[in-house]
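Here the sequence shown is numbered in this note's numbering, starting from 72 and rising by one per residue. Cβ atoms here follow ideal geometry from the backbone N, Cα and C, with glycine treated the same way. All values reported here derive from a predicted model rather than from experimental measurement.
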Amino acid sequence: MKKMVRIKRAKDEYVSPRIYEKTPQEMFKPRVASNCEVNRTHIFRVKRQTVAIVVVPGVMASRLSNQGGETVWDPDDLGFMWDTFFRCAPEKRYEFLIENGRQVMAQGDPKILKKYPKAEERGWTGLAWDFFGKLLGGLHDWKTPLKVFLDLPVYAFGFDWVDSCRDSGKALQKFIMGIKADRVIIISHSMGGLVTRYALAEEGGEALARKVLGVVHGAQPVHGAPDAYHRAIAGTGAEGVLGRVVSEVLGPSGPHMTAIMPHAPGVLQLLPNQFYLNNRGEQAWLHIQDLDDPEMFTSYPKNDPYEEIYAKSHHKDYWGLIHGEWFQPHAEDGETIEKALRGENKSGNGGNNPGIGEQMGMFISDAKEVHSLIGPYSHPRTIQLFSNGEHTTITEVCWLARDITQHVLDAQIERYSRDDEPLRYLKDLSCVPDFNRFGKYGEVRWRDAEGALGDVVPGNALLFKLQKRIREQGLRLYLLRMTAAGEEVSGLTDDPLRHQGDGTVPLSSATAMDPEVDDWGKNLHLLPIWFGPNGECRLCTGQANHEVHASFFVDKKGDALAAVKRVVHNLCIGWLKGEFT
């Protein structure tokens, strides 16, 4: 038998592959694919570039500590928020949030830091995880082919929402310019949109705009929201037990809100500005019922809301924003405030520190200046997303007047003290409902024979004394109250369109920007287009979900996150293809 011999083949000569280093942009050119052979003789190594994603949160969504490092605001710590702010007196609220300054917190939840090791250095710890964890984590964990070509690190910019958008915008500008990235995409929510636009529009903004590939604004109060005015006087509205708990924490009444507002330029910048239009496209959003003719209303603003509404003192114009009696750490009377508004008591304390009314007047003027700058501005590649569900929103506010003089005179005095003196109070009357908490506000004032309104009558005023004064002096009593969210006034706010919004921001303000589209080039067909209820068309505008304002990026279906991912994808692909720089 012959022995089988296996013939050894000569080894193929190893050919060292030719390695090509290509930028992501070069990899997207058609000729790269035609030159690529199906073997190992050509290897393309991508020099990955970086497009950083920066998330800018809204009001109250940044975690804050005082200058000593003690927590003063942390929505993630429910125990802290409950112990600190639930049924917290206005003066304590001022001491906690204003007196000792604020800074963004740097310490985060160890569980989050363990899962996302770079979270702290990228600023995630400054944001409330309950509000933005889904967005931050979703973008970080995003499985996208883009990451073959690009690093997509996710950053977060927490800021002091009490401070002016001017200062926060400058800080954001510095923050983004310090990120080592080829391009940056900004994702903002609510007030964060105002901060972002200021950073891009102010001095130094041109350099920043060149680095920014695009901007996505979510639920932005582009020109403010009447809800800010309503809350300043009536507190945070509430529905159900949980709603009342939330209201107690955020500020259940005007005194609780005013403890902060005169010291918070950022909050004042959320008021409807000089460009605001209601859902019907009208400038006026504040309606004052005539004291003598209930069918007649005087509407504001006619031109300037800052002069006509916000710089008005409540003691003189009852619908004015400034309530000196609620100021903290000390009240200011009407005369002091009027002098401050006229500029007659600059630095009224005798030193360099202005009085509270004077300071508030300066902050109101600053708000007007900020909005004058950012009002018409949008980045060349801007997308605005909004939530337009069936959520009753304060888009207009009415002050209603009612003569209750006869009700007071007809009251049957039933309770007596040991001295046989009547003790039935004004607040006991059925025509004077329980006001001044949870989004409701009303007051009773004297009116003289000439028709001028006088001082506010407290709820604990004794009825027999009121009756005596009415009979002897010929005065009358008027109930003045502000409409609650969703309340309809016949012929004025009974159109369903007037209540549309996300529960905080009216539809008209959330979609108020009209971004330019020229810089999108061939990608124009990728942009969302929204047609409003009045037939108006908004390019670069889309309805992301039906969530309430605060939950825009927390929606269970993840629609807002999906919308953001689509925009980021389209921005990156357009940039890689060289269709825009």
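How would you call residue i, buried or exposed, if buried means at least 16 neighbouring beta carbons within 10 angstroms?
{"i": "W646", "result": "buried"}
{"i": "H401", "result": "exposed"}
{"i": "R735", "result": "The displayed coordinates of the chain run from 72 to 652. Any statement about residue 735 would go beyond what the structure contains."}
{"i": "A383", "result": "Just to set this straight, residue 383 is Lys in the shown sequence, not Ala. Buried, by the Cβ-count rule."}
{"i": "M262", "result": "buried"}
{"i": "N349", "result": "buried"}
{"i": "K218", "result": "exposed"}
{"i": "D567", "result": "Checking the sequence shown, residue 567 turns out to be Pro, not Asp. The residue is exposed, with fewer than 16 neighbouring Cβ atoms inside 10 Å."}
{"i": "N424", "result": "exposed"}
{"i": "T652", "result": "exposed"}
{"i": "C159", "result": "buried"}
{"i": "G682", "result": "Absent from the structure is residue 682, since the part of the chain shown begins at 72 and ends at 652."}
{"i": "P188", "result": "exposed"}
{"i": "L149", "result": "exposed"}
{"i": "P326", "result": "buried"}
{"i": "I124", "result": "buried"}
{"i": "A330", "result": "buried"}
{"i": "I600", "result": "exposed"}
{"i": "E440", "result": "exposed"}
{"i": "A581", "result": "buried"}
For residue i, which residues from the same chain have a beta carbon less than 8 Å from its beta carbon, with the 5 sequence-adjacent residues on both sides left out?
{"i": "H442", "result": "H294, G295, Q340, N344, Q345 and F346"}
{"i": "G204", "result": "I183"}
{"i": "R134", "result": "T142, W144, D145, P146, D147, V175, M176, T196, G197, L198, A199 and G229"}
{"i": "I541", "result": "T476, V479, L480, R547 and L548"}
{"i": "H640", "result": "T215 and L217"}
{"i": "R569", "result": "N349, N350, R351, T466 and E467"}
{"i": "A104", "result": "Note on A104: pLDDT 45, under 50, position unreliable in the model; no value is reported."}
{"i": "Q571", "result": "N350, N459, T464, T466, P577, L578 and P604"}
{"i": "A555", "result": "A305, G308, G510 and K511"}
{"i": "G337", "result": "V130, D231, W232, V233, D234, S235, C236, S239 and M262"}
{"i": "K387", "result": "G405 and E409"}
Give me the DSSP bridge partner(s) of residue i.
{"i": "Y549", "result": "D474 and R516"}
{"i": "F602", "result": "C608"}
{"i": "N616", "result": "S458"}
{"i": "G285", "result": "I256"}
{"i": "C643", "result": "Paired residue(s): none; C643 is not in a bridge."}
{"i": "C469", "result": "H358"}
{"i": "E92", "result": "R116"}
{"i": "G572", "result": "E461 and P577"}
{"i": "S136", "result": "T142 and Q174"}
{"i": "S384", "result": "I393"}
{"i": "L533", "result": "Y496"}
{"i": "L279", "result": "Beta-bridge pairing links L279 to no other residue."}
Within the continuous alpha helix (DSSP H) that includes residue i, where are the two ends?
{"i": "R254", "result": "From DSSP, R254 is part of no alpha helix (DSSP H) but of the beta strand (DSSP E) over R254 to H260."}
{"i": "I408", "result": "G405 to R413"}
{"i": "L357", "result": "L357 -> not in any alpha helix (DSSP H); beta strand (DSSP E) instead, spanning L357 to Q360."}
{"i": "Y300", "result": "P297 to A305"}
{"i": "W200", "result": "W200 to H211"}
{"i": "M658", "result": "Any answer about residue 658 is impossible in this case: the structure gives the chain only from 72 up to 652."}
{"i": "G432", "result": "I427 to I445"}
{"i": "V233", "result": "No alpha helix (DSSP H) contains V233, which DSSP labels as neither H nor E."}
Quick test of your reading: residue i and residue j, contact by CB under 8 Å. State the CB separation rounded to the nearest angstrom.
{"i": "E618", "j": "G510", "result": "So it is not a contact: roughly 20 Å between Cβ atoms."}
{"i": "P577", "j": "T466", "result": "4 Å"}
{"i": "Y389", "j": "E379", "result": "No, Y389 and E379 are not in contact; Cβ-Cβ is about 14 Å, not under 8 Å."}
{"i": "L210", "j": "V225", "result": "5 Å"}
{"i": "L534", "j": "L497", "result": "6 Å"}
{"i": "F624", "j": "H358", "result": "Not quite, the Cβ-Cβ distance comes to about 34 Å (not below 8 Å), so this is no contact."}
Among residues of its own chain, excluding the 5 on either side of residue i, which ones have a beta-carbon nearer than 6 Å to its beta-carbon?
{"i": "G391", "result": "K383, S384 and H385"}
{"i": "G285", "result": "I256, R452 and L642"}
{"i": "L456", "result": "G289, G613, A615 and A634"}
{"i": "R302", "result": "M328"}
{"i": "Q291", "result": "G264"}
{"i": "N110", "result": "Note that N110 scores a pLDDT of 49, beneath 50, so its modelled location is shaky and nothing firm can be said."}
{"i": "L537", "result": "V479"}
List the endpoints of the continuous beta strand (DSSP E) containing residue i.
{"i": "Q120", "result": "Q120 to V127"}
{"i": "P526", "result": "In the sequence as displayed, the identity of residue 526 is Asp instead of Pro. Where D526 is concerned, the enclosing beta strand (DSSP E) stretches over L524 to V528."}
{"i": "T142", "result": "T142 to W144"}
{"i": "T369", "result": "F368 to Y371"}
{"i": "V225", "result": "V225 to A227"}
Beta carbon of residue i: closer than 7 Å to some heavy atom of the ligand GTP?
{"i": "W646", "result": "Judged by which ligands are present, the structure shown has none, so any question about the ligand GTP falls away."}
Cutting at 7 Å between CB atoms, please list the residues of its own chain near residue i, excluding the five before and the five after it.
{"i": "I408", "result": "S384, I393, G395 and G428"}
{"i": "V266", "result": "V127, F230, C236, S239, G240 and L243"}
{"i": "G179", "result": "A190, E191, W195 and T196"}
{"i": "I445", "result": "L265, R268, Y269 and A272"}
{"i": "L595", "result": "V588"}
{"i": "M431", "result": "P333 and I393"}
{"i": "Q636", "result": "Reading the sequence as shown, one finds Lys at residue 636 and not Gln. Counting only Cβ-Cβ distances below 7 Å, and skipping sequence neighbours, we find W213."}
{"i": "A280", "result": "L271 and H450"}
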